[in-house]
Ligand SMILES: [Zn+2]
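Numbering (my numbering), first residue to last: 1014 to 1516.
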């Protein structure tokens, strides 16, 4: 066997682009239900030369002798190489696990269905008792895989600690994100508590409106149903979702339907994940926007959220290096753009314009979206506190559910069952990225109102401001954007204001 070739940084970057393209396309095919089995392992094997320790060391050496943007670019390439080494080690196990979940079935009222279909179904059942029953079945079938989840998590964690030399997973994440997660969490917890009085009122009103007869603390199996604003389904109908969303984007100056680089997949397939997503296989040229409409407001919110991502990736400067078009330290930047586009659905004017509502009805329905936003924000704030506790204890207890049910239930008034403590955890503290985006998009909206006006949500000037931000690709950090908007990174006043609390 010949000695492994070590690529120079430019060669590495070019080959990495091909590798990520293939992995993205494979992930897309499984996610949308075109393929029944995931074959990521075969791709990783074909590109095994990218992910070796000598290659990692070569990138590190280049990074250490570079400065400025070049250093940042090399940092990202090195971290991607590092991640690739970890995934090469574990990809067969991940594939096997993913395939096991795809094959898992639950039987509800004599009908056998895949786990994902059960999840999708739960949002649609109109009776509380039915959702509860299916939720229990789905949750139990999902939790049956917890031992394997924990095993995979432990293997990944051990391998990463060994590779990076940083034993503390929280410190590792903080280094990459360049923020203090504890500080972020503490500030958000304070904000959540300040929001509690307003939240309690919204919760009491909208739980009643959306769930009808319900226990004082409903279970989390009903959140997808609530997010659709299901009792208002006739207003937010499934068949109008695409047109209304395309028109909404056109108001900002984006002609999504004619942008050939953004590929829309809006079809319904049984194995298609009900969660909408964007897969940026090769930005700005190949960006997939995937949604699965089910009826209800959530279709509109999910479409606009993903459109924000798609326009961001699809709008980046093609002359930027790949590392600044596709690779990022985290997801906190791109989530600002998805959040700001989704925020249009919280404007009473949008409800009035597109759904033929009176001003009073529009205000009422917009309040429902504030309720949903507060519910999600409070859930994620609690999730971050739980995850920080989980990873702090991890070296000694190997990962336990402590805090999951307590924190989330207390923050939301919705019962989150402790058995979901592993499946409800995204890797790499993605929770913190969402939360930073929550803070930042509220700051951005404040900025847009000042620059464009109260009609920011239907004004082409907003499109111009966003387009300029999108051009920068994945290069800036979320905190850099705060600085440009004239805000301190942890200034939570705009967010609290959006959630109905004036601080
Ligand atoms: Zn997103």
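Yeah, the Cβ is synthetic: ideal placement off N, Cα and C, and Gly gets one too.
Every value quoted in this text rests on a predicted model; they were computed, and no experiment measured them.
Please confirm whether residue 1349 and residue 1503 have their CB atoms less than 8 Å apart.
Start at 1 with the first residue of the chain shown, and residue 1349 comes out as number 336. Start at 1 with the first residue of the chain shown, and residue 1503 comes out as number 490. Contact flag unset, no.
Given 7 Å as the limit, tell me if residue 1187 has its C-beta closer than that to any heavy atom belonging to ligand 1.
Within the chain shown, numbered from 1, the residue matching residue 1187 stands at position 174. No, the beta carbon of residue 1187 sits no closer than 7 Å to any heavy atom of ligand 1.
Please report the residue range of the beta strand (DSSP E) in which residue 1121 lies.
If you number the chain shown from 1, residue 1121 lands on position 108. Unbroken beta strand (DSSP E) run through residue 1121: 1118–1121.
Which residue's Cα is closest to the Cα of residue 1119: 1091, 1155 and 1495?
Here the question's residue 1119 lines up with position 106 in the chain shown. Considering only alpha carbons, the answer is 1155.
Output yes or no for whether 8 Å exceeds the beta carbon distance between residue 1486 and residue 1329.
The residue labelled residue 1486 in the question sits at position 473 within the chain shown. The residue labelled residue 1329 in the question sits at position 316 within the chain shown. Yes, the Cβ-Cβ distance between residue 1486 and residue 1329 is below 8 Å.
Closest by CA to residue 1236, which one among 1133, 1214, 1263 and 1050?
Position 223 of the chain shown holds residue 1236. Closest option to residue 1236, Cα to Cα, is 1133.
Quick check on the burial criterion: 16 or more other C-beta atoms within 10 angstroms. Buried or exposed for residue 1066?
The sequence position of residue 1066 within the chain shown is 53, counting from 1. Flag for residue 1066 reads exposed.
Would you say residue 1289 and residue 1271 are within 8 Å of each other, going by their C-beta atoms?
The residue labelled residue 1289 in the question sits at position 276 within the chain shown. The residue labelled residue 1271 in the question sits at position 258 within the chain shown. No, the pair does not count as a contact, with Cβ atoms beyond the cut-off.
Where do the N-terminal and C-terminal ends of the alpha helix (DSSP H) with residue 1276 fall, by residue?
Mapped onto the chain shown, residue 1276 falls at position 263. Here residue 1276 belongs to no alpha helix (DSSP H); instead the beta strand (DSSP E) covers 1275–1278.
Could you check whether residue 1508 and residue 1455 sit closer than 8 Å to each other, using their CB atoms as the reference points?
Translated into the one-based positions of the chain shown, residue 1455 becomes position 442. Translated into the one-based positions of the chain shown, residue 1508 becomes position 495. Going by C-beta atoms, residue 1455 is nearer than 8 Å to residue 1508.
I'd like to know if the region 1178–1191 and the region 1427–1435 are in contact, where contact means that at least 3 CB-CB pairs between them fall below 8 Å.
Counting Cβ pairs under 8 Å, fewer than three are found: no touch.
Candidates 1028, 1285 and 1146: which alpha carbon is nearest residue 1043's?
For the purposes of this step, residue 1043 is taken as residue 30 along the chain shown, with counting starting at 1. It is 1285 whose Cα lies nearest to the Cα of residue 1043.
Assign residue 1208 to buried or exposed, taking buried as 16 or more other Cβ atoms, counted over all protein chains shown, within 10 Å of its Cβ.
Position 195 of the chain shown, counted from the first residue, corresponds to residue 1208. With 16 or more Cβ atoms within 10 Å of its Cβ, residue 1208 is classed as buried.
Applying the 10 Å Cβ sphere with the 16-neighbour rule, what's the burial state of residue 1262?
For the purposes of this step, residue 1262 is taken as residue 249 along the chain shown, with counting starting at 1. When all chains shown are included, residue 1262 counts as buried.
Does DSSP put residue 1431 in a helix, in a strand, or in coil?
Counting from one through the chain shown, the residue named residue 1431 turns up at place 418. If DSSP states are grouped into helix, strand and coil, residue 1431 belongs with the helices.
With DSSP collapsed to three states, give me the class of residue 1181.
For this step, residue 1181 is matched to residue 168 along the chain shown. Here residue 1181 sits in coil by DSSP.
Taking 6 Å as the limit, tell me which residues put their C-beta closer than that to any heavy atom of ligand 1, in chain order.
Cβ-based neighbours of ligand 1 within the cut-off: 1318, 1322, 1348 and 1351.
In the DSSP output, what is residue 1125 paired with across the bridge?
Position 112 of the chain shown, counting from 1, holds the residue named residue 1125. Looking at the DSSP assignment, residue 1125 forms a beta bridge with 1120.
Specify whether the region 1059–1074 and the region 1086–1106 touch according to this definition: at least 3 beta carbon pairs, one from each stretch, less than 8 Å apart.
Short answer: they touch.
Please state whether DSSP places residue 1293 in a helix, a strand or coil.
As a first step, residue 1293 is located in the chain shown; it is residue number 280 there, counting from the start. Three-state DSSP puts residue 1293 in a strand.
Are there 16 or more other CB atoms within 10 angstroms of the CB of residue 1314, so buried, or fewer, so exposed?
Mapped onto the chain shown, residue 1314 falls at position 301. By the 10 Å Cβ count, residue 1314 comes out buried.
Mind checking residue 1491: buried by the 16 CB within 10 Å criterion, or exposed?
Within the chain shown, the letter at position 478 stands for residue 1491. Buried.
Below 7 Å CB to CB, which residues in the same chain sit around residue 1014 once its five sequence neighbours on both sides are set aside?
Counting from one through the chain shown, the residue named residue 1014 turns up at place 1. Reliability of the predicted coordinates at residue 1014 is poor, the pLDDT of 49 falling under 50, and the value obtained from them is presented with this limitation in mind. No residues qualify anywhere along the chain.
Would you kindly report the start and end of the unbroken alpha helix (DSSP H) that includes residue 1195?
Taking the chain shown and counting its residues from 1, one reaches residue 1195 at position 182. Note, residue 1195: alpha helix (DSSP H), 1194–1224.
When DSSP labels each residue in this structure, what does residue 1303 get in the three-state scheme?
Against the chain shown, residue 1303 aligns to sequence position 290. DSSP places residue 1303 in strand when its eight states are reduced to three.
Name, in chain order, the residues that DSSP records as bridge partners for residue 1232.
On the chain shown, position 219 is the one that residue 1232 refers to. According to DSSP, which records beta bridges pairwise, residue 1232 is partnered with 1428.
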